[in-house]
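Numbering (the numbering used here), first residue to last: 36 to 323. Read the structure below first, then the notes.
Now the structure itself:
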């Protein structure tokens with residue numbers, strides 16, 4: 036069984052040590068601004084469903100209602116609760132706004148809370164020294180004032196100009212806003228295994244397995260687009276985790292970057308040749 040009070044205390048300590056979790060959004064002259072509070076804006080709630088006849092059904096009902104609550108940006112950008120279904124069964128509910136966290140942050144919070152909880156059970160005073168999201172922002176601002184940023188900016192200006200020139204014969208896109216929806220496709224175990232195997236091919240391999248898969252997906256999308264509308268220039272945007280350093284890997288916050296993918300299809304009928312070309316394009320864009 037979990038000591039619920041100690042778990043609640045552990046979360047409070049981790050939240051207090053994270054400037055991201057202590058952040059709220061306020062308006063100053065109608066302009067949203069981030070403010071870091073001195074204390075966590077919300078405590079972990081303890082919910083006891085052990086007395087109800089059907090705890091699982093009660094949990095599902097509780098979850099459905101809780102998910103409709105939404106987050107008040109000015110009050111707290113997270114909502115969390117420890118729900119007890121039976122004496123030995125617990126569910127930790129954690130809702131994080133993307134303004135303060137990415138997917139990696141969820142695992143970091145879980146690891147930190149678990150470690151602090153175990154220390155509390157052993158009567159050890161936890162010492163938390165989490166890297167701050169503010170430090171990540173400061174490093175970004177330092178980069179924007181550097182000569183490297185100027186070189187990267189020049190690279191993108193030239194890249195975009197060449198890309199636009201190659202597409203001048205195509206009609207301009209409509210300015211009318213388009214509706215969109217997210218489509219999730221389960222590739223299944225067999226196709227997923229084949230994709231991972233292809234990602235290990237020298238034509239696709241990159242810095243990480245995920246980056247290798249990005250090369251494959253970009254190549255497939257480029258081919259599909261060419262077959263669909265005859266365009267040999269792929270324009271897309273990939274959302275990438277931006278955690279290059281040890282400190283970044285331990286930072287709670289939205290450490291992400293929007294990376295434009297501007298890929299030119301070579302004249303070839305060989306997919307591996309195309310994949311090698313796309314990999315080179317993507318690597319250059321990731322460097323800049």
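Glycine included, each C-beta is placed from N, C-alpha and C at the ideal position.
Check                                                                                                                                                                             : Outcome
Between the segment 131-139 and the segment 47-62, can you find at least three pairs of beta-carbon atoms closer than 8 Å?                                                        : yes
Please look up how many angstroms separate the CB atoms of residue 119 and residue 83, rounded, as I've assumed it's under 8 Å.                                                   : 5 Å
Which same chain residues, not among the five before or five after residue 98, have their C-beta less than 8 Å away from its C-beta?                                              : 128
How would you label residue 289, buried or exposed, when you count the other beta carbons within 10 angstroms and need 16 or more for buried?                                     : buried
Can you tell me the Cβ-Cβ gap for residue 46 and residue 148, rounded? I've got them flagged as a contact below 8 Å.                                                              : 5 Å
Closest to residue 52 by C-alpha separation, out of 189, 62, 104, 169, would be which residue?                                                                                    : 169
Between residue 106 and chain C, is any beta-carbon pair separated by less than 8 Å?                                                                                              : The structure shown has no chain C; it contains just one protein chain.
Whose CA, out of 94, 79, 281, 242, lies closest to the CA of residue 112?                                                                                                         : 79
Is residue 298 helix, strand or coil by DSSP?                                                                                                                                     : strand
DSSP has residue 68 in a bridge; who is on the other side?                                                                                                                        : 61
Would the segment 215-234 count as touching the segment 268-287 if we require 3 or more Cβ pairs under 8 Å?                                                                       : no
Count the other CB atoms within 10 Å of the CB of residue 304; is the residue buried (16 or more) or exposed (fewer)?                                                             : exposed
Under DSSP, the alpha helix (DSSP H) around residue 270 begins and ends at which residues?                                                                                        : It is not in any alpha helix (DSSP H) - residue 270 instead sits in the beta strand (DSSP E) that spans 268-276.
In the DSSP assignment, find the unbroken beta strand (DSSP E) run with residue 80 in it and report its ends.                                                                     : 80-83
Given a cut-off of 8 Å, decide if residue 297 and residue 215 are closer than it, judged by their beta-carbon atoms.                                                              : no
Does the segment 236-256 come into contact with the segment 310-318, if we say contact requires no fewer than three beta-carbon pairs (one atom in each stretch) closer than 8 Å? : yes
How many Å lie between residue 265 and residue 255 at the Cα?                                                                                                                     : 14 Å
Can you name, in chain order, every residue of its own chain whose Cβ lies under 6 Å from the Cβ of residue 37, other than the five neighbours on each side?                      : 125
Alpha carbon to alpha carbon, what distance is there between residue 75 and residue 321?                                                                                          : 36 Å
In whole angstroms, give me the CA-to-CA distance for residue 27 and residue 258.                                                                                                 : The structure shown does not extend to residue 27, since the chain is modelled only from 36 through 323, so no value can be given for it.
Residue 115 lies in the beta strand (DSSP E); which residues open and close that run?                                                                                             : 113-121
Ends of the alpha helix (DSSP H) at residue 172?                                                                                                                                  : 168-179
Would you identify the three-state DSSP class for residue 124, choosing helix, strand or coil?                                                                                    : strand
Can you check whether the CB of residue 49 is closer than 8 Å to the CB of residue 144?                                                                                           : yes
Would you identify the three-state DSSP class for residue 163, choosing helix, strand or coil?                                                                                    : coil
With DSSP collapsed to three states, give me the class of residue 158.                                                                                                            : coil
Can you tell which of 63, 150, 178 has its C-alpha closest to the C-alpha of residue 163?                                                                                         : 150
Distance, Cα to Cα, residue 159 vs residue 146?                                                                                                                                   : 17 Å
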